[in-house]
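**Q** Read top to bottom, the protein sequences are chains A and B. Under my numbering, think of the first position of the first sequence as 100, with each following residue one higher. Under my numbering, think of the first position of the second sequence as 100, with each following residue one higher. Quick reminder that beta carbons are idealized off the backbone N, C-alpha and C, glycines included.
Number of protein chains: 2
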Amino acid sequence: MPRRDGTGPMWWHGRFRGCGYRITAGREAILDTLMIADKHLSAEDIYNKIHNAYPAVGLTTVYRTLEILVTMNLVFKFDFGDGRARYELVEGSKKSHHHHHLVCKECNRIIEYTDFINDEIELLKKTEKGLSKKYNFEIISHIIQFYGICEKCKKKR
Amino acid sequence: MPRRDGTGPMWWHGRFRGCGYRITAGREAILDTLMIADKHLSAEDIYNKIHNAYPAVGLTTVYRTLEILVTMNLVFKFDFGDGRARYELVEGSKKSHHHHHLVCKECNRIIEYTDFINDEIELLKKTEKGLSKKYNFEIISHIIQFYGICEKCKKKR
DNA sequence: AATGTTGATGAAAATCATTTTCATTAACAG
DNA sequence: CTGTTAATGAAAATGATTTTCATCAACATT
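1. Can you have a look at Glu187 of chain B and say buried or exposed, based on whether 16 or more other CB atoms are within 10 angstroms of its CB?
2. Below 8 Å, how does it come out for the region 211-226 of chain B and the region 230-242 of chain A: are there three or more Cβ pairs, yes or no?
3. Which residues share a DSSP beta bridge with Gly247 of chain A?
4. Hey, is Tyr146 of chain A's beta-carbon within less than 8 Å of any beta-carbon in chain B?
5. Would you call the region 115-129 of chain B and the region 157-167 of chain B in contact, with 3 or more CB pairs under 8 Å?
6. Taking only beta-carbon positions, decide if Ile240 of chain B is within less than 8 Å of chain A.
7. Which of helix, strand or coil does DSSP assign to Ser141 of chain A?
8. Go ahead and label Ile248 of chain B buried or exposed: buried means 16 or more other beta carbons lie within 10 angstroms of its beta carbon, across all protein chains shown.
9. Which of the residues in the region 217-242 of chain A, read from start to end, lie with their CB under 8 Å from any CB of chain B?
10. Would Gly182 of chain A count as contacting chain B if we go by Cβ distances under 8 Å?
11. Please report whether the beta-carbon of Thr159 of chain B lies at a distance below 8 Å from any beta-carbon of chain A.
12. Could you spell out where the beta strand (DSSP E) holding Ile122 of chain A opens and where it closes?
13. What are the residues of the region 107-141 of chain B that lie near chain A, defined by any Cβ-Cβ distance shorter than 9 Å?
14. If you follow the beta strand (DSSP E) that Tyr212 of chain B is part of, which residue opens it and which one closes it?
15. Could you tell me whether the region 200-214 of chain A touches the region 238-255 of chain A, using the rule of 3 or more Cβ pairs below 8 Å?
16. Which one of B:Val189, B:Gly113, B:Thr123 and B:Asp178 has the shortest CA to CA distance from Asn172 of chain B?
17. Pull the bridge partners of Asp178 of chain B from the DSSP assignment, please.
18. Note down the Cα distance separating Leu130 of chain B from Met109 of chain A, rounded to an integer number of angstroms.
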């Protein structure tokens, strides 16, 4: 039985192996980092967090692992418009919860919000159902982002 | 009075000049292209479309103009995950209409949909109102995208 | 536990969209 | 018409991400 307290195989091992991928120290470190952070991180963020404990894991491996995780739909890749991608565990993978983001066009601050989620989930369900039928499109994930000016940047003006 | 039939100043001239920007042939060509296309284009798409009529307009100018237009909220910049940004006129600027996108994770095809928009608009309004009050965040635009597998890619499997 | 197959890896080089530099040109206010 | 200064193109720089390739290690099989 999969556990997540470090005493047994992690919840994702089976799925990983099932796809023909091997479990390596680097990959475990990357997944652990994503689970602990439970927040969007860039590839370099992850590399830095890992580097002390696993000096042998290079940035290339971080990119390669993230690509696999995104393909497997275990991780979602975000673009907040600042030229580098951010990654976070897909909702349901573990601790993560349904949320979306506000992106400040001025300072690029990201605000994660979980408000007004119930109505949103309901609408999303309905929309996904309708869209997947009409376009015969299998919907796996979605993104909702609001762009604007954050509190601090408004004051600066 | 601003017109859009080529017989007078375009609707955006005033706004452009008001921000201290000059009107140049290149900028007119870029805006025209976006208006005619009324669909997401990459910087290079625009460059190619313009190049015959305006060989003097370089790709750099396209990028620079697009950046201005995005800052002025006349144009929206999209990331569909294939490494190059797409641009389209903001809804309300001109012919464009409220719509969102389905993105195929496999072939990167983009499907533009306008279905189920009424409920969506209503929810968005409510959410935007709530969010801007709670976080004191001025919302200018939003993005909704669904990721998944398109019809053709499902069949290929 | 030893071994072979083959996926995984790091380092360095390559890629490629986008940005910056800089000397020249042109918009437009006066 | 003229001066000021923003806009421009070409070429170089940037910087995140990807690829190459020789080496290493996971793990299925013995």
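**A** Per the coordinate set shown:
1. To locate residue 187 of chain B, count along the second sequence from 1; it is residue 88. Taking all protein chains shown into account, Glu187 of chain B has 16 or more neighbouring C-beta atoms within 10 Å of its C-beta and is therefore buried.
2. A contact is defined here as three or more CB-CB pairs under 8 Å, and the region 211-226 of chain B meets this definition with respect to the region 230-242 of chain A.
3. Counting from one through the first sequence, the residue named residue 247 of chain A turns up at place 148. Residue pairing by DSSP puts Gly247 of chain A in a beta bridge opposite A:Cys203 and B:Ile238.
4. As a first step, residue 146 of chain A must be located in the first sequence, where it is residue number 47. Not one beta carbon of chain B lies nearer than 8 Å to the beta carbon of Tyr146 of chain A.
5. Yes: the two stretches touch, three or more of their Cβ pairs being nearer than 8 Å.
6. The residue you call residue 240 of chain B lines up with position 141 of the second sequence. Just to set this straight, residue 240 of chain B is Ser in the shown sequence, not Ile. Under the Cβ distance rule, Ser240 of chain B counts among the residues neighbouring chain A, one pair being separated by less than 8 Å.
7. As a working mapping, residue 141 of chain A is identified with position 42 in the first sequence. In the structure shown, Ser141 of chain A sits in coil (DSSP, three-state: anything other than H, G, I, E or B).
8. The sequence position of residue 248 of chain B within the second sequence is 149, counting from 1. Looking at its Cβ environment, which holds 16 or more other Cβ atoms inside 10 Å, Ile248 of chain B is buried.
9. Going along the region 217-242 of chain A in chain order, one finds Asp218, Glu219, Leu222, Lys225, Thr226, Glu227, Gly229, Leu230, Ser231, Lys233, Tyr234, Asn235, Phe236, Glu237, Ile238, Ile239, Ser240, His241 and Ile242 with a Cβ nearer than 8 Å to chain B.
10. For the purposes of this step, residue 182 of chain A is identified with residue 83 of the first sequence, where counting begins at 1. Not an interface residue.
11. Looking up residue 159 of chain B in the second sequence gives position 60. So no, Thr159 of chain B is outside the interface.
12. Numbered from its first residue, the first sequence carries residue 122 of chain A at position 23. Neither: Ile122 of chain A is in no beta strand (DSSP E) and is coded neither H nor E.
13. Cβ contacts with chain A: none found.
14. Stepping through the second sequence from its first residue, residue 212 of chain B is reached at position 113. Counting along the chain, the unbroken beta strand (DSSP E) around Tyr212 of chain B starts and ends at Ile209 to Tyr212.
15. Enough Cβ pairs lie closer than 8 Å, so yes.
16. Residue mapping note: residue 172 of chain B aligns to position 73 of the second sequence, counting from 1. Ranking B:Val189, B:Gly113, B:Thr123 and B:Asp178 by CA distance to the CA of Asn172 of chain B puts B:Val189 first.
17. Start at 1 with the first residue of the second sequence, and residue 178 of chain B comes out as number 79. Beta bridge pairing from DSSP links Asp178 of chain B with B:Ala184.
18. In the second sequence, residue 130 of chain B corresponds to position 31, counting from 1. In the first sequence, residue 109 of chain A corresponds to position 10, counting from 1. Straight-line Cα distance between these residues: approximately 53 Å.
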